[in-house]
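Novice:
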Amino acid sequence: MTPWYITNRTDDTTLRVFCNSWTCGYDNNSIEITNDFNDVLAKYRNETLKGNIFTVVESFIQKDFVPAKCFGGYLLYFGGKNVTVNKTAGLELIRSGAKDHFWTCLELLAFLPEEGDNFENIRIATEAGSIFATMVYSRKLYEQGNYDEAARYMSHLIVSSAVSWHRKHHAGNTFSTALKKLTLEKDTSAYKTILELARQLNLPACVWIFDGYLTHKTDLISAKEIVELAFQLVNGLPFRDITDVEAIRKSGIDEEAFLKYNSNAGSPTAAFYLSYPKLNSKNISVVH
Numbered sequence: 017m018t019p020w021y022i023t024n025r026t027d028d029t030t031l032r033v034f035c036n037s038w039t040c041g042y043d044n045n046s047i048e049i050t051n052d053f054n055d056v057l058a059k060y061r062n063e064t065l066k067g068n069i070f071t072v073v074e075s076f077i078q079k080d081f082v083p084a085k086c087f088g089g090y091l092l093y094f095g096g097k098n099v100t101v102n103k104t105a106g107l108e109l110i111r112s113g114a115k116d117h118f119w120t121c122l123e124l125l126a127f128l129p130e131e132g133d134n135f136e137n138i139r140i141a142t143e144a145g146s147i148f149a150t151m152v153y154s155r156k157l158y159e160q161g162n163y164d165e166a167a168r169y170m171s172h173l174i175v176s177s178a179v180s181w182h183r184k185h186h187a188g189n190t191f192s193t194a195l196k197k198l199t200l201e202k203d204t205s206a207y208k209t210i211l212e213l214a215r216q217l218n219l220p221a222c223v224w225i226f227d228g229y230l231t232h233k234t235d236l237i238s239a240k241e242i243v244e245l246a247f248q249l250v251n252g253l254p255f256r257d258i259t260d261v262e263a264i265r266k267s268g269i270d271e272e273a274f275l276k277y278n279s280n281a282g283s284p285t286a287a288f289y290l291s292y293p294k295l296n297s298k299n300i301s302v303v304h
């Protein structure tokens, strides 16, 4: 599992982008140690790392490198190749990193079964920049009927994803014409066209509808509908991590603990698999 982070959590929507690494957002004085740690992670993923992964990570922990505490805690909690499960020691490392308010540790703490359904932990992880926490927190707000607040948090994901979307798609002439009317001609009737496109899951149109709604420039869409629209959109966004359960089993990870974690973090497939543990997992995937 590699966690996802929103690099900017301010109201300046132009600066938000996604980051997919255990070290995202870590502010330290040495870029060298961060690069060295990322190199270790890459070699571990590619199965080219020499030596025991936790022994290597532990050397970074001894230097008080906080992302190493989070990843080391993850390794000890879930286990893996040549890593013996030690949930107590893993939780200790994760909680230590959480005290430093680092988002990967906060995300882990939010969804580990020992912490239960901790709404406050999920909120803290959301504020720190965790994408998975943001999705779960927004869903909980929606279920409570707090649509405005859910819309505000989901807007972070929608705006951030627009950069990746434009690499593979074009917004289309209809959107371009409507946007020109809105921005250059100040014709707010263009929101009607943009809303129609947003309901077709045109991401740039959704970004503008979110902006119009949050800045009170249009009332064509309700808070409830805009959040529901956002939930549909996140299913196709780049941070939807898919993990083969059979591969988990072969990796030596504590399968049940990993699935419980993913279920808490919003994976419907993990929740389904936990409900039917006797199923053959060969072709089942965990969507996180």
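Quick note: the sequence shown uses my numbering, first residue 17, plus one each step. Each residue gets a CB set at the ideal place from its N, CA and C atoms; glycine is no exception. The model shown is predicted, which means the values in this text are computed figures rather than measured ones.
Tell me, please, whether the region 205-220 touches the region 143-158 by the rule of three or more beta-carbon pairs shorter than 8 angstroms.
Specialist: No: fewer than three Cβ pairs fall under 8 angstroms.
Novice: Lys66 to Gly268, Cα distance in whole Å?
Specialist: Residue numbering aside, residue 66 sits at position 50 when the sequence shown is read from its first letter. Residue numbering aside, residue 268 sits at position 252 when the sequence shown is read from its first letter. Approximately 18 angstroms between the Cα atoms of the pair.
Novice: Secondary structure at Cys35, three-state DSSP: helix, strand or coil?
Specialist: Here residue 35 corresponds to residue number 19 of the sequence shown, with the count starting at 1. Looking at Cys35 - three-state DSSP - the assignment turns out to be strand.
Novice: According to DSSP, is Ser283 helix, strand or coil?
Specialist: Position 267 of the sequence shown, counted from the first residue, corresponds to residue 283. Three-state DSSP puts Ser283 in coil, outside helix and strand.
Novice: Smallest Cα separation from Gly84: which of Tyr21, Ala105, Gly96, Trp38?
Specialist: Working through the sequence shown from its first residue, we reach residue 84 at position 68. One point to set straight first is that residue 84 is Ala, not Gly, in the sequence displayed. For Ala84, the nearest C-alpha among the options comes from Trp38.
Novice: Kindly list the residues whose CB is nearer than 7 angstroms to the CB of Leu249, restricted to its own chain and excluding five residues on each side of it in sequence; keep chain order.
Specialist: On the sequence shown, residue 249 is found 233 positions in, with the first residue counted as 1. Result list for Leu249: Ile174, Leu217, Leu219, Cys222, in chain order.
Novice: Can you tell me whether Val313 is helix, strand or coil according to DSSP?
Specialist: Because the chain spans 17 through 304 in this model, residue 313 falls outside it and cannot be assessed.
Novice: Looking at the secondary structure, which residues open and close the alpha helix (DSSP H) in which Ile22 lies?
Specialist: Translated into the one-based positions of the sequence shown, residue 22 becomes position 6. Unbroken run through Ile22 is the beta strand (DSSP E), 20-22; no alpha helix (DSSP H).
Novice: In the DSSP assignment, find the unbroken alpha helix (DSSP H) run with Ile242 in it and report its ends.
Specialist: Here residue 242 refers to the residue found at position 226 when the sequence shown is read from its first residue. From DSSP, the alpha helix (DSSP H) with Ile242 extends over 239-250.
Novice: Measure the CB-CB distance between Pro129 and Asn278 and report whether it falls below 8 angstroms.
Specialist: As a working mapping, residue 129 is identified with position 113 in the sequence shown. As a working mapping, residue 278 is identified with position 262 in the sequence shown. Their beta carbons are not under 8 angstroms apart, which means Pro129 does not touch Asn278 by this criterion.
Novice: Using a threshold of 8 angstroms, state whether the C-beta atoms of Pro284 and Phe148 are closer than that.
Specialist: Along the sequence shown, one-based indexing puts residue 284 at 268. Along the sequence shown, one-based indexing puts residue 148 at 132. No, these two residues do not count as a Cβ contact at 8 angstroms.
Novice: Which whole runs of the alpha helix (DSSP H) in the region 129-169 are 4 residues long or more, in chain order?
Specialist: Whole alpha helix (DSSP H) segments, 4+ residues: 135-144, 147-159.
Novice: Under DSSP, the alpha helix (DSSP H) around Asn189 begins and ends at which residues?
Specialist: Position 173 of the sequence shown, counting from 1, holds the residue named residue 189. Residues 189-199.
Novice: Going straight from the alpha carbon of Tyr93 to that of Ala167, what length do you get?
Specialist: As a working note, residue 93 is residue 77 in the sequence shown. As a working note, residue 167 is residue 151 in the sequence shown. Going from the Cα of Tyr93 to the Cα of Ala167 covers about 34 angstroms.
Novice: For Asn102, which residues from the same chain have a beta carbon less than 7 angstroms from its beta carbon, with the 5 sequence-adjacent residues on both sides left out?
Specialist: For the purposes of this step, residue 102 is taken as the residue at position 86 of the sequence shown. Same-chain partners within the cutoff: Leu92.
Novice: Exposed or buried, which one is His232 when buried takes at least 16 other CB atoms within 10 Å?
Specialist: Within the sequence shown, residue 232 is the residue found at index 216, counting from 1. Looking at its Cβ environment, which holds fewer than 16 other Cβ atoms inside 10 Å, His232 is exposed.
Novice: Suppose the cutoff is 8 angstroms on Cβ atoms and the five residues either side in sequence are ignored; what does the same chain contact list for Ala239 look like?
Specialist: Locating residue 239 in the sequence shown gives position 223, where the first residue counts as 1. Cβ neighbours of Ala239 beyond the five flanking positions: Tyr163, Asp164, Ala166, Ala167, Tyr229.
Novice: Is Thr209 helix, strand or coil when you go by DSSP?
Specialist: On the sequence shown, residue 209 is found 193 positions in, with the first residue counted as 1. Thr209 falls in the helix class under three-state DSSP.
Novice: For a test of the three-state rule: what should DSSP assign to Tyr289, helix, strand or coil?
Specialist: For the purposes of this step, residue 289 is taken as residue 273 along the sequence shown, with counting starting at 1. It is helical.
Novice: Glu123: buried (16+ other C-beta within 10 angstroms of its C-beta) or exposed?
Specialist: Taking the sequence shown and counting its residues from 1, one reaches residue 123 at position 107. With 16 or more Cβ atoms within 10 Å of its Cβ, Glu123 is classed as buried.
Novice: Alpha helix (DSSP H) containing Glu63: first to last residue?
Specialist: Position 47 of the sequence shown, counted from the first residue, corresponds to residue 63. Element bounds for Glu63: n/a, residue is neither H nor E.
Novice: Buried or exposed for Tyr169, please, with buried defined as at least 16 other CB atoms from any protein chain shown within 10 angstroms of its CB.
Specialist: Along the sequence shown, read from residue 1 onward, the residue named residue 169 stands at position 153. Classification of Tyr169: buried, given that the 10 Å Cβ count is 16 or more.
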